[in-house]
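This report concerns only the one structure given below.
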Amino acid sequence: MKARIYSAALAALAMAITPSWVNAQESSTLAKVKARGELICGVGTGLAGFALPDSDGNWQGLDTDYCRALAAAAIGDAKKVKFVPLTAKDRFAAIQAGQVDVLARTTTWTLSRDTANGLDFRAVDFYDGQGFLVRADSGLKSAAELDGASICLTQGSTAELNTSDYFRAKGMKYKPVTFATSSETVKAYESGRCDSYSNDSSALYGERRRMAEPDKHVVLPEIVSREPLAIGVLQGDSQWSDLTAWLHFALLIAEDNGITRDNVDTYLTSENPEVRRLLGVEGNVGELLGVNKDWALRAIRAVGNYGEMYDRNLGSGSPLKIPRGLNALWSKGGLQYAPPLR
Amino acid sequence: MTEADPSIGRRWPKGVGRTRLRSRQTPPATAMEILWQAILLIAIAGLVGGALWNASGSLAEQGVASGFGFLGHTAGFDVSQSLIPFSAVSTYGRAFLVGLLNTVEVTVIAIPLATILGFIIGISRRSPNWLLNRVAAAYVEVFRNTPLLLQLLFWYNAVLAALPAKALESLHLGSVIYLNRRGLALPQPVFQDIGGAWLVVAAIAALFFLTARLALLWRARTGPGFPHRSTNLLILFSLPLAFCLAVYLTTGHSPILFNIPVMGRFSVDGGWQLLPELVALLIGLIFYTASSIAEVVRSGLAAVPMGQYEAALSLHLPPGKITRKVILPQAIRVIIPPLTNQYLNLLKNSSLAVAIGYPDLVQIFAGTVLNQTGQAVEIVFMTMAVYLTISLLTALGMNVYNRRIATVEN
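So the sequences go chain by chain: R and D.
Adding 153 to a residue's 1-based position in the first sequence gives its number in the numbering used here.
Adding 1418 to a residue's 1-based position in the second sequence gives its number in the numbering used here.
Dropping the structure here:
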């Protein structure tokens, strides 16, 4: 829509009028965030489980919790976050122009985004994959039966390319109907414009819950793509990308050691060397990352470990009830793995 | 008011057209004025140049790809509607063309229809018929005073909701025309001999031109008008028919075959498919723009002095003829400049298509392509350049027309 072009144009303009020497002087995002006393976090425009304001206007979700943890680690206060909702289309321009410090916006880590878009991805906070939602009464049992179907897609997501790749690989045809935001896409699917709505499967579960009759829709079993949803930062600022990555690892290590939001203070006297380094009792991990030594302690106090964040927003403690699957810890057979913290 | 402000009286003496105004001499610029203008020009050029230099600098620093090389890369996505062949293996450059043509398509269809509707409503508002002018007024107020985006969403959802959801329940005419939520499927004529088809079109155009000339000559010589409307209709229908018959008689097969839509597994496939997104966008743009055009037309009609109408009436001209032959030709001079504005608005408003899933330039190029390549600066620049170019061309065409009708006065 018009507003979107304007914002893209504004971002382009902002890029044009920001003198390059300013960039050189304030190359460190961490320094900027500390000086500002506030983290500006680019999040989704409303996706259950990842970033959705509740009835009191507080953002809830895995992505927004990550932002709070990052604010706690960098500034020391989990409340000092400004959430900026970005459409799939606007997100890259927003981070390129420095409108947001970090992109925690269900962004799939892909080669072109890592290179041509000028981003860095190091922490995958959710391993997802694209699926297809269809009406239960359509009798469809597999995505392989979708030859000739109309598929509702959201513009600017990897879904457009994945769908095209999947159908090309299978030698099948489809008719794309593309909308700017996911709410428009879902509305069109619900109204019967399309046979299927395709998106990351976590999003399909989330959107299905918001539909008028959730029981009338089923997610087909096929996962047609790998979607590592990762935290994105501007490339060329390794101090900042280190912090965003190690914060995620710290929350994984906390889960592995059984450290939770409620019991974290009891671990301050722990004898476990990794726990002591994590919580800043010994070693200089915080100093190496450019933040206070209690960075991880504050983050865990604010949002808990990764497992708690997952359960609260996506898993058994949430209405979505998405199984941990690939997002289980490495020690439980999943892909969430942390390098050694020392 | 004119008495109170003598300058107005001087600048717009009664009965003097714009041609007089144009010939008014501007005093020669002083050296100081030229200097200031030059300084301003240099300052603006410097600002623009600096901004470009900075943008390329900071993009390079961030490692963001730049340049227009991406236009040759494979797009990898599909679009729902395209006037030229397009698939996932086509390039971004071709995706740009697809979006551009889709935008042009909407504009080219919507402008004439909005103009016709706008003129009808505008003239109706001046009608002595109470019901007619009230209905026209209500139309204008409703469509002009609600946001276009809202109207588009309304039409899109109304169009969709009114139609049968399932392909098998489609409204259909025999087994050749189908209508459901996926759109309207019509038989698509496939010309077996494209060269012949163009030849027929050229012949029709040539004959139209010839009859127009003949009609003028005829009228000059004899007085009464030449029935060129019925002649044109005759040409329009008889020529293609004669051509088809000739081809059939000489070669023994039909010159036009039809690609008939058939019931597919999910929807009706084949034939000529008119998507609901396009229909909703067209309805929205036409109805919205027509309300503004109606006001432009009304103001143009109001600008024609009452005396003209009374004079025509005293000649016993019928009311329809008074409007067409006396009032409109004078009103059109006032109408054209603001009408141009409305055309440009329509073109720019067509970018709202993205809200209802129609693949226009903004949706395909400034949306999907921008997102996949991340080259916001180049893509936003190209998109703006396209709108600017089409707008300037439209304005140029309208200005040429305006000049032609404006100078008739002298």
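C-beta: ideal position from N, C-alpha, C; glycine also.
Since this is a predicted model, take the numbers as computed values, not measurements.
Does residue i pass the burial test, meaning 16 or more other C-beta atoms within 10 Å, or should it be called exposed?
{"i": "R:M462", "result": "buried"}
{"i": "R:D390", "result": "buried"}
{"i": "D:I1782", "result": "buried"}
{"i": "R:K242", "result": "buried"}
{"i": "R:W448", "result": "buried"}
{"i": "R:N437", "result": "exposed"}
{"i": "D:R1716", "result": "buried"}
{"i": "R:E440", "result": "exposed"}
{"i": "D:V1507", "result": "exposed"}
{"i": "D:F1627", "result": "exposed"}
{"i": "D:H1671", "result": "exposed"}
{"i": "D:Q1455", "result": "exposed"}
{"i": "D:H1734", "result": "exposed"}
{"i": "R:D337", "result": "This sequence places Glu at residue 337 of chain R; Asp is not what is there. The residue in question, R:E337, is buried, as its Cβ has 16 or more Cβ neighbours within 10 Å."}
{"i": "R:G486", "result": "exposed"}
{"i": "R:L492", "result": "Checking the sequence shown, residue 492 of chain R turns out to be Pro, not Leu. R:P492 is exposed by the Cβ-count criterion."}
{"i": "R:Y342", "result": "buried"}
Secondary structure at residue i, three-state DSSP: helix, strand or coil?
{"i": "D:E1587", "result": "helix"}
{"i": "R:G284", "result": "strand"}
{"i": "R:L293", "result": "coil"}
{"i": "R:F332", "result": "strand"}
{"i": "R:M325", "result": "coil"}
{"i": "D:I1595", "result": "strand"}
{"i": "D:I1678", "result": "coil"}
{"i": "D:N1763", "result": "helix"}
{"i": "R:V234", "result": "strand"}
{"i": "D:V1558", "result": "helix"}
{"i": "R:S208", "result": "coil"}
{"i": "R:G195", "result": "strand"}
{"i": "D:V1758", "result": "Looking at the sequence provided, one finds Thr at residue 1758 of chain D rather than Val. In the structure shown, D:T1758 sits in a helix (DSSP, three-state: H, G or I)."}
{"i": "R:T240", "result": "coil"}
{"i": "R:E427", "result": "helix"}
{"i": "D:P1830", "result": "It is not possible to answer for residue 1830 of chain D, since the shown part of chain D is limited to 1419 through 1828."}
Roughly how many angstroms separate the alpha carbons of residue i and residue j, rounded to a whole number?
{"i": "D:G1815", "j": "D:L1762", "result": "12 Å"}
{"i": "R:T240", "j": "R:N211", "result": "19 Å"}
{"i": "R:F236", "j": "R:N466", "result": "17 Å"}
{"i": "D:W1636", "j": "D:R1742", "result": "22 Å"}
{"i": "D:P1673", "j": "D:V1608", "result": "9 Å"}
{"i": "D:A1729", "j": "D:V1722", "result": "12 Å"}
{"i": "R:E408", "j": "R:Q213", "result": "20 Å"}
{"i": "D:F1799", "j": "D:F1486", "result": "11 Å"}
{"i": "R:G470", "j": "R:L205", "result": "16 Å"}
{"i": "R:I406", "j": "R:R414", "result": "13 Å"}
{"i": "D:R1751", "j": "R:G199", "result": "51 Å"}
{"i": "D:S1545", "j": "D:E1559", "result": "17 Å"}
{"i": "D:Q1401", "j": "D:V1524", "result": "Beyond the ends of chain D as shown, which are 1419 and 1828, falls residue 1401 of chain D; an answer cannot be given."}
{"i": "D:F1561", "j": "R:G251", "result": "40 Å"}
Kindly indicate if chain R contains any beta-carbon less than 8 Å away from that of residue i.
{"i": "D:D1687", "result": "yes"}
{"i": "D:V1804", "result": "no"}
{"i": "D:V1497", "result": "yes"}
{"i": "D:N1789", "result": "yes"}
{"i": "D:F1676", "result": "no"}
{"i": "D:N1820", "result": "no"}
{"i": "D:F1661", "result": "no"}
{"i": "D:E1421", "result": "Because D:E1421 carries a pLDDT of 43, less than 50, the predicted location of this residue cannot be relied on, and no value is offered for it."}
{"i": "D:F1684", "result": "yes"}
{"i": "D:R1599", "result": "yes"}
{"i": "D:V1482", "result": "yes"}
{"i": "D:G1464", "result": "no"}
Of all Cβ atoms in chain D, is any one closer than 8 Å to the Cβ of residue i?
{"i": "R:R346", "result": "yes"}
{"i": "R:S265", "result": "yes"}
{"i": "R:A365", "result": "no"}
{"i": "R:V255", "result": "no"}
{"i": "R:G195", "result": "no"}
{"i": "R:P492", "result": "no"}
{"i": "R:Q252", "result": "no"}
{"i": "R:V434", "result": "no"}
{"i": "R:G125", "result": "The shown model of chain R, from 154 to 495, leaves out residue 125 of chain R, and the question about it has no answer."}
Quick test of your reading: residue i and residue j, contact by CB under 8 Å. State the CB separation rounded to the nearest angstrom.
{"i": "R:A226", "j": "R:L396", "result": "7 Å"}
{"i": "R:L494", "j": "R:E424", "result": "Wrong, their Cβ atoms sit about 16 Å apart, outside the cutoff."}
{"i": "R:D348", "j": "R:Q283", "result": "Contact doesn't hold; Cβ gap of about 16 Å is too wide."}
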